[in-house]
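Just so you know, my numbering puts 319 at position 319 of the sequence shown, and the rest follows in order with no gaps. Report on the following structure.
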Amino acid sequence: MKIDWLFLALVFVLTSIGIALVYSATVNTEPIWYTSRWFKQIIYFGGGCLLAAALSFVRIDYWQRFAFPLYFLTIAALAFVAFGGGDSAKGAGRWIDFGFLKIQPSEFAKITFLLAMSKWLSVHRVNILKPKTFAMPALIFIVPFALVLKQPDLSTALVFTAVTLVGLYWAGLSLMDLFLIVSPVASVILSYPQIPYSQVLWGLLLCVVFLVLLFRKMPRKFVVLILSLNIICGYASTMAWNSLEHHQRERVMTFVDPMRDPKGAGYQVIQSEVAIGSGGIFGKGFGEGSQTNLAFLPEEHTDFIFSVLGEQFGFLGCVFVLFLYFMFLWRAMSICRLHLDPFVNHVVSGACTIFFFHMMVNISMTLGLMPVTGLPLPFLSYGGSFMLTCMMLVGLLVNMRYQGSQLESNYD
C-alpha cells in the first residue's frame, strides 16, 4: 500500500495543535483531566483514526454502490432532527442523543451528500443551456439543504452549496457558467442598502453579467432570463430591507460595524479581534492569553479557536497553521492526477471543498470579515461529530490515493 506519509503527518500536526489550543482555552475551567474537553478531543481523534483506517480499505466500487443508500439514511436522520426529534442547543435542534454518545447528523450528511452527488455527476454531464441536466443534482442538493436550514443551521447548509458548485464545475460547467448561476445571489448581496456604494457595485455586477453573456454567445432568451433574475433579486433585496423590523436592521448594521453594539451582537467579533490583535507578531505564549484565560473570548474552544491561536502564538503562529492547511489541501488535490475515474475526482475535489470552506468561513469570521457562524475549524476546533467527519474525509482521501496509485502503476 502506497501511503502518503506527509499527508498523514499534516493531519497529526494540525490535530495536535488543536488539542493543545483546546487545553489552553479550557484548563482553567476544567481542572479534572479525564472529564476535560481536551482529553475528550484526544479520544475523538483516536476513534477517528480507527474509522479513517477502516474506510481507507473500502473499494471504490463499494462507495459508488452504497452512495445513495447512505445518502437516504442521513436524510432520514436530518428529517428526524429537523422536525423535533433531536436535542436542541441555543435555539437549534441538531443532535441525536444515544445516551452514551451525541451525534450531529448534519456533519455526516456532508459525506453522504458528497458521495451521492459525486456518483450522479460522474456519469452525467451538465449543460447550462439544458435545464433538465440540473434536475437530479438540484434534487440531491435541495433536500439536505432545506432540512439543515430548518434546524436552523445556515452555515452548514452553505457547505452543501459549495460542494454542489464545485461538483458542477467538474461535471462540465465553466467558471463563467458558474458565475452566471450565482450572479442572482450576488445581486441580492451587493444591492443591500447597508453595503457602502451598493448601487454602484450592483450596477457593475450587471455590466459584468451582460459581458459574460455576450462572450459566451448565449441565446437571447437565456440572456433575458439571467438579466431579469439579477434585476428582480436586486430590487427584492431593497424591498426586504425596508420590510425588516428595527431590531433586525440593527443586527445587520452591527455586522457592518460591531461597535454599534459592543456588549451585544458585536461582542464576539470585537473580543476575537482584540485577542488576535493583542498577540502581535510572536504572541503572548502558550496558555498566557488574557482574553482566553479571563473568559472574555466566547466559544474559544470551538468557533473562535483561531483567535486563541492568534493571541498565544501571534501572526507567525497563524501563518504557520495556514501553511499547514495549504500543504494539506495541496497533497489532497494531488490525488486527482493519479486517477482516471471521474467519481474519484469528484469525491476528492468535494472533500477539499468541505475543508477549504470551513477554513475560509471560520477564519474570516474571527477576523470580522464575515458574520459569526457555527462552522468549526478543521482539526483545531473541539467537537466529536466534526472530528469524526474530518477523519472520515481523511480516510476517503487516503482510500482514493491508494487505489489511484494502483491504477497509475497499471498504466506505467
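No residue lacks a Cβ here, since even glycine has one placed at the ideal position from N, Cα and C. Because the structure is a prediction, the values reported are computed rather than measured.
Which residue from L211, I189 and M136 puts its Cα closest to that of D177? L211
Who are the near neighbours of L329 in its chain, counting only those whose CB is closer than 7 Å to its CB and skipping five residues on each side? C352, F355 and F356
DSSP has K217 in a bridge; who is on the other side? Looking at the DSSP assignment, K217 forms no beta bridge with any residue, so it has no partner.
Whole-angstrom distance between G203 and S307, CA atom to CA atom: 37 Å
Going by DSSP, which residues form a beta bridge with K130? N127
Please look up how many angstroms separate the CB atoms of L201 and L190, rounded, as I've assumed it's under 8 Å. 4 Å
With respect to the alpha helix (DSSP H) encompassing I3, which residues constitute its N-terminal and C-terminal limits? Taken as a continuous stretch (DSSP letters only), I3 belongs to no alpha helix (DSSP H), as it is neither H nor E.
What is the DSSP secondary structure of A171, reduced to helix, strand or coil? coil
Starting from K40, trace the alpha helix (DSSP H) both ways and give me its first and last residue. R37 to L55
Counting C-beta neighbours from all protein chains within 10 Å, is the total for C318 16 or more, i.e. buried, or is it exposed? buried
Let me make sure I understand the geometry here. Which of A52, P137, F323 and W38 has the alpha-carbon closest to that of T389? A52
CA-CA distance, G18 and P184? 38 Å
Counting only C-beta atoms, is L168 closer than 8 Å to chain C at any point? Included in the structure is just one protein chain, with no chain C present.
Residue closest to H346, alpha-carbon to alpha-carbon, out of R125, V58, H358 and A82: R125
Please say whether L297 and S272 have beta carbons closer to each other than 8 Å? yes
Distance, K102 Cα to G266 Cα: 31 Å
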